[in-house]
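Asks: Structure provided below as structure tokens; questions to follow.
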Amino acid sequence: MPDGKKNPMLSSHLWIIYLLSIVLLVVIWYFQWVLGLIMTLLLGASFFYSIRTERTLQDEAEQYISTLSYRIKRVGEEALLEMPFGIILYNEDYTIEWANPYMNQFADDSLVGSSLQQLSEDLIPMIKENKDSIWFHLEGYEFQTTVKKQERLLYLFDRTKQAELQQLYHDDQTVLAFIFLDNYEEITQNMDDTSKSQLNSRVTEVLNKWSTSYGLYLKRTSQERFLAVGTKDILQKLEKVKFDILDAVRELSGEQNNPVTLSIGVGQGDVDLPTLGELAQSSLDLALGRGGDQVAIKDDSGKVRFYGGKTNPMEKRTRVRARVISHALKELVRASDNVIIMGHKSPDMDSLGAAIGILNIAKANDVEGYIVFDPDDVDTGVYRLVDAIKEEESVWQHFIEPGEAESITGNRSLVVVVDTHKPSMVASESLLHQTEYKVVIDHHRRGEEFIDNPTLVYMEPYASSTAELVTELLEYQPKKLKLKMLEATALLAGIIVDTKSFTLRTGSRTFDAASYLRAKGADTVLVQQFLKEDLDLYIERSKLIERADVYRDHIAISKADEGTAYGPVLIAQAADTLLTMSGINASFVISERKDGRIGISARSLGEVNVQVIMEKMNGGGHLTNAATQIEDTTIDDAEKLLKDILEEYYEGREAE
437 MPDGKKNPML SSHLWIIYLL SIVLLVVIWY FQWVLGLIMT LLLGASFFYS IRTERTLQDE
497 AEQYISTLSY RIKRVGEEAL LEMPFGIILY NEDYTIEWAN PYMNQFADDS LVGSSLQQLS
557 EDLIPMIKEN KDSIWFHLEG YEFQTTVKKQ ERLLYLFDRT KQAELQQLYH DDQTVLAFIF
617 LDNYEEITQN MDDTSKSQLN SRVTEVLNKW STSYGLYLKR TSQERFLAVG TKDILQKLEK
677 VKFDILDAVR ELSGEQNNPV TLSIGVGQGD VDLPTLGELA QSSLDLALGR GGDQVAIKDD
737 SGKVRFYGGK TNPMEKRTRV RARVISHALK ELVRASDNVI IMGHKSPDMD SLGAAIGILN
797 IAKANDVEGY IVFDPDDVDT GVYRLVDAIK EEESVWQHFI EPGEAESITG NRSLVVVVDT
857 HKPSMVASES LLHQTEYKVV IDHHRRGEEF IDNPTLVYME PYASSTAELV TELLEYQPKK
917 LKLKMLEATA LLAGIIVDTK SFTLRTGSRT FDAASYLRAK GADTVLVQQF LKEDLDLYIE
977 RSKLIERADV YRDHIAISKA DEGTAYGPVL IAQAADTLLT MSGINASFVI SERKDGRIGI
1037 SARSLGEVNV QVIMEKMNGG GHLTNAATQI EDTTIDDAEK LLKDILEEYY EGREAE
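Position in the sequence shown counted from 1, then plus 436, gives you the working numbering.
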């Protein structure tokens, strides 16, 4: 140690003691020199001993500090080199300048001189984003990297075990599923006990084999309902095979000539079991609302995934549900101050006809009813019907504009939505928030967007039209109900338009409803008058058809001229016409709309599920009849997106 930095021989407190001792010694010498001499000798000996002791202690301390410093330096060097985690220094160009021996296991020779990109392609971009912690995968290891950007230093901690535990926790999360035999009651009502037992056995056998092969716990809770419990890992395996159990059950029922189909509602997420059960039930309701024969999976964030839905929903054979819904609707109408009825924007024949039918239900129960109607949002396809209604004062007086509807809608008003279930598509969305009592009557397959907290829902995707559903409800209303000829004709027009004159989605109950309306005075000639089209529109539609190209040998895609806007009815008619062409199984017509969006109308004969395709473009509809409207895009971009989705759709089918 340098002399300038050496500690003094004696501590300050000892110097003070010796100074005081010298003062006392002088006094003693003055009075008694002999005693002073003796004390001087003793003080000298004490001073010598103190200096020697202090020097010994200093030497020992210096030796201890020197030894400790050496040990700390040695341990620090060894720790730096032998740490069980990686340490990397890099330069401004993100080139590795030094790495501890721990990192040598990831290089044949040395990492020094290599780019950080050699460890992970995401490492440099994430460092540039000023992220303090980065996760990346390297040769079977999962590393959590702490970044010291100013020092250009990385600490790499092996978190492989933690990642494995996280993955195990993720894979082992509980998943609940409700499995429902869509039409079990209908197909077994005329069976004898033996046939019913055989059907139950075969369905149960198929489901048990399926659950055992995937490790699911399966329990039958009723004749038509099963409970399945599994894990997220099992769910991922089921999604990879696109829930092939749907096809297995459908093939089984085909052998027995009983069209049994399954609907499965799945709930998943990091939530408690009661919430998981609610998610599963909500998913099942969604799958059934879309027509059944499909799987709906909902997680705790509300996102929904669908599988299946390859078949048209089978028509129900009983009227029990119609009677129950009609009675419930009657009670709701009687308990309300007034009934506000609205369909979707740009109403069509089905929407207007169904609204007029609900208006008659309100009248039959002596409650004031009003139909929300925007005169500025009338499509050319219904203007003849609207003109006829205007001439019928007793009916027209119940048509009100959205602004007037808002002023008369109160807490005890009943809002009935027909021919749609999406709040964004209703004539006046604000009305939905002005009352607690809402009824939804629709024949479309249920989508993710749905009106909040409806009091009553009557959705039957098997039905040809909403007008058909409303007509059945009318049959169970009080007998004093008397439909006017025009009102019955409007309902019949809705059925005829949606079934393409009884050729598509037409069941026995469709003809029953038409027969009822005909008996009430519906005029089929007047329907044809309503459905007549202008020559100019016919020519415009022909231009769209002329522009069609065949894609994948059997899909017709027509793209309108850029800058030319067409109404939704016209492009729907063009899609219908294209479907009648030889060799065409599906058709898509794309055009600009007057509101600035791009509209796509899709049709198929059943082999192509256009509903699934349109849902991927934020639309919806039926398996054979769907549409969408896209914002902030062009016709060319919409066509490219459609073709990409079609390619994905066909690749998925080929993979199956």
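Beta carbons: idealized from backbone N, C-alpha and C, even for Gly. The structure displayed is predicted, hence computed values, not measured ones.
1. What is the DSSP secondary structure of Glu691, reduced to helix, strand or coil?
2. Cα separation between Leu456 and Ile464?
3. Can you give the Cα-Cα distance for Leu973 and Val760, rounded to whole angstroms?
4. Let me confirm a value: Lys585 is counted as buried when at least 16 other C-beta atoms fall within 10 Å, else exposed. Which label applies?
5. Quick check on the burial criterion: 16 or more other C-beta atoms within 10 angstroms. Buried or exposed for Pro710?
6. Should Gly943 be counted as a contact of the ligand NAP given a C-beta to heavy atom distance under 7 Å?
7. Can you have a look at Phe662 and say buried or exposed, based on whether 16 or more other CB atoms are within 10 angstroms of its CB?
8. Evaluate Gln634 with the Cβ neighbour count: other Cβ atoms within 10 Å of its Cβ, from every protein chain shown; 16 or more gives buried, anything less gives exposed.
9. What's the call for Asn1054, buried or exposed, on a 16-neighbour Cβ count within 10 Å?
10. Verify whether the separation of the beta carbon atoms of Lys907 and Leu927 is less than 8 Å.
11. Measuring CA to CA, which of Ser719, Val875, Asp706, Asp812 is closest to Leu765?
12. Can you have a look at Ile487 and say buried or exposed, based on whether 16 or more other CB atoms are within 10 angstroms of its CB?
13. Output the distance between the C-alpha atoms of Asp594 and Phe542, rounded to the nearest integer angstrom.
14. Measure from the alpha carbon of Phe1026 to the alpha carbon of each residue in Val1044, Ile981, Glu1043, Leu1059, then state which is nearest.
15. For Pro561, does the count of other Cβ atoms within 10 angstroms reach 16, so buried, or fall short, so exposed?
16. Smallest Cα separation from Leu712: which of Lys673, Ile733, Glu557?
17. What does the alpha-carbon distance come out to for the pair Met895 and Val862?
18. DSSP on Glu829, reduced to helix/strand/coil?
19. Which residue from Glu976, Leu1014, Ala992, Ala824 puts its Cα closest to that of Thr1000?
20. How about the region 666 to 676 and the region 563 to 579: do they share at least three Cβ pairs that are nearer than 8 Å?
21. Look up Asp1072 in the DSSP assignment and say whether it is helix, strand or coil.
22. Leaving out five residues on either side along the sequence, give the residues of the same chain with a beta carbon under 6 Å from the beta carbon of Leu1082.
23. Measure the C-alpha to C-alpha separation of Thr476 and Leu460 and round it to an integer number of angstroms.
24. What do you get for Lys956, buried or exposed, if any count of 16 or more other CB atoms within 10 angstroms of its CB means buried?
25. Looking only at its own chain, which residues have a Cβ that is under 7 Å from the Cβ of Arg588, when we skip the five neighbours before and after it?
26. Whole-angstrom Cβ separation of Ala992 and Ala984, contact assumed at under 8 Å?
27. Give the secondary structure of Thr667 by DSSP, where H, G and I count as helix, E and B as strand, and everything else as coil.
28. Can you give me the C-alpha to C-alpha distance between Gly1057 and Met1050, rounded to a whole angstrom?
29. Does the region 611 to 628 touch the region 656 to 671, meaning 3 or more C-beta pairs lie closer than 8 Å?
30. Tell me which residues share the same chain as Asp1080 and place their Cβ nearer than 7 Å to its Cβ, disregarding the 5 neighbours each side in the sequence.
31. I'd like the list of long-range same chain contacts for Thr654, defined as Cβ closer than 7 Å, with 5 residues on each side in sequence excluded.
32. Taking the beta strand (DSSP E) that Asn774 belongs to, which residues open and close that run?
33. Quick check: the Cα distance between Lys918 and Ala684, rounded to an integer number of angstroms?
34. What three-state label does DSSP hand Met895 in the structure shown?
35. Helix, strand or coil for Leu471? Go by DSSP, reduced to three states.
36. At the level of alpha carbons, what is the spacing between Ile681 and Glu714?
Replies: Taking the geometry as given:
1. Translated into positions along the sequence shown, residue 691 becomes position 255. With a pLDDT of only 44 at Glu691, under the threshold of 50, the placement of this residue in the model should not be trusted, and no figure is reported.
2. Here residue 456 refers to the residue found at position 20 of the sequence shown. Here residue 464 refers to the residue found at position 28 of the sequence shown. Distance between the alpha carbons of Leu456 and Ile464: 13 Å.
3. Taking the sequence shown and counting its residues from 1, the one referred to as residue 973 is at position 537. Taking the sequence shown and counting its residues from 1, the one referred to as residue 760 is at position 324. So the alpha carbons of these two residues sit roughly 43 Å apart.
4. Counting from one through the sequence shown, the residue named residue 585 turns up at place 149. Exposed, since its Cβ has fewer than 16 Cβ neighbours within 10 Å.
5. The sequence position of residue 710 within the sequence shown is 274, counting from 1. When all chains shown are included, Pro710 counts as exposed.
6. Ligands are entirely absent from the displayed structure, and the ligand NAP is therefore not among its contents.
7. If you number the sequence shown from 1, residue 662 lands on position 226. Answer is buried; the Cβ neighbour count reaches 16.
8. Counting from one through the sequence shown, the residue named residue 634 turns up at place 198. Burial call: exposed.
9. Against the sequence shown, residue 1054 aligns to sequence position 618. The residue is exposed, with fewer than 16 neighbouring Cβ atoms inside 10 Å.
10. As a working mapping, residue 907 is identified with position 471 in the sequence shown. As a working mapping, residue 927 is identified with position 491 in the sequence shown. The sequence given here places Thr at residue 907; Lys does not occur at that position. Against a cut-off of 8 Å, the Cβ pair of Leu927 and Thr907 comes out as a contact.
11. Within the sequence shown, residue 765 is the residue found at index 329, counting from 1. The residue with the shortest Cα to Cα distance from Leu765 is Val875.
12. If you number the sequence shown from 1, residue 487 lands on position 51. Label assigned to Ile487: exposed.
13. Locating residue 594 in the sequence shown gives position 158, where the first residue counts as 1. Locating residue 542 in the sequence shown gives position 106, where the first residue counts as 1. If you take the alpha carbons of Asp594 and Phe542, they lie about 13 Å apart.
14. Numbered from its first residue, the sequence shown carries residue 1026 at position 590. Sequence check: residue 1026 is Ile here, not Phe. Checking every option, the nearest Cα to that of Ile1026 belongs to Ile981.
15. Residue numbering aside, residue 561 sits at position 125 when the sequence shown is read from its first letter. Exposed is the call here.
16. In the sequence shown, counting from the first residue as 1, residue 712 sits at position 276. Of Lys673, Ile733, Glu557, the residue nearest in Cα terms is Ile733.
17. On the sequence shown, residue 895 is found 459 positions in, with the first residue counted as 1. On the sequence shown, residue 862 is found 426 positions in, with the first residue counted as 1. For Met895 and Val862, the distance between alpha carbons rounds to 16 Å.
18. Looking up residue 829 in the sequence shown gives position 393. Of the three classes helix, strand and coil, the one that applies to Glu829 here is helix, per DSSP.
19. The residue labelled residue 1000 in the question sits at position 564 within the sequence shown. Nearest option by C-alpha distance: Glu976.
20. no
21. Stepping through the sequence shown from its first residue, residue 1072 is reached at position 636. Three-state DSSP puts Asp1072 in a helix.
22. Taking the first residue of the sequence shown as 1, we reach residue 1082 at position 646. Closer than 6 Å at Cβ, skipping near neighbours: no residue.
23. The residue you call residue 476 lines up with position 40 of the sequence shown. The residue you call residue 460 lines up with position 24 of the sequence shown. Each residue's Cα considered, the two are about 10 Å apart.
24. For the purposes of this step, residue 956 is identified with residue 520 of the sequence shown, where counting begins at 1. With 16 or more Cβ atoms within 10 Å of its Cβ, Lys956 is classed as buried.
25. By one-based count along the sequence shown, residue 588 stands at place 152. Hits under 7 Å: Leu525, Tyr526, Asn527.
26. Working through the sequence shown from its first residue, we reach residue 992 at position 556. Working through the sequence shown from its first residue, we reach residue 984 at position 548. Confirmed, Cβ separation roughly 5 Å.
27. Along the sequence shown, read from residue 1 onward, the residue named residue 667 stands at position 231. Residue state, collapsed to three classes: strand.
28. On the sequence shown, residue 1057 is found 621 positions in, with the first residue counted as 1. On the sequence shown, residue 1050 is found 614 positions in, with the first residue counted as 1. Gly1057 and Met1050: Cα-Cα distance of roughly 8 Å.
29. yes
30. By one-based count along the sequence shown, residue 1080 stands at place 644. Here the set comprises nothing.
31. As a first step, residue 654 is located in the sequence shown; it is residue number 218 there, counting from the start. Note that residue 654 corresponds to Leu in the displayed sequence, not to Thr. Counting only Cβ-Cβ distances below 7 Å, and skipping sequence neighbours, we find Leu643, Asn644, Ser647, Phe662, Ala664.
32. Position 338 of the sequence shown, counting from 1, holds the residue named residue 774. Where Asn774 is concerned, the enclosing beta strand (DSSP E) stretches over 774 to 778.
33. What you label residue 918 is simply residue 482 of the sequence shown in a count that begins at 1. What you label residue 684 is simply residue 248 of the sequence shown in a count that begins at 1. So the alpha carbons of these two residues sit roughly 49 Å apart.
34. Position 459 of the sequence shown holds residue 895. Met895 falls in the strand class under three-state DSSP.
35. Here the question's residue 471 lines up with position 35 in the sequence shown. Three-state result, Leu471: helix.
36. Translated into positions along the sequence shown, residue 681 becomes position 245. Translated into positions along the sequence shown, residue 714 becomes position 278. Each residue's alpha carbon lies about 23 Å from the other.
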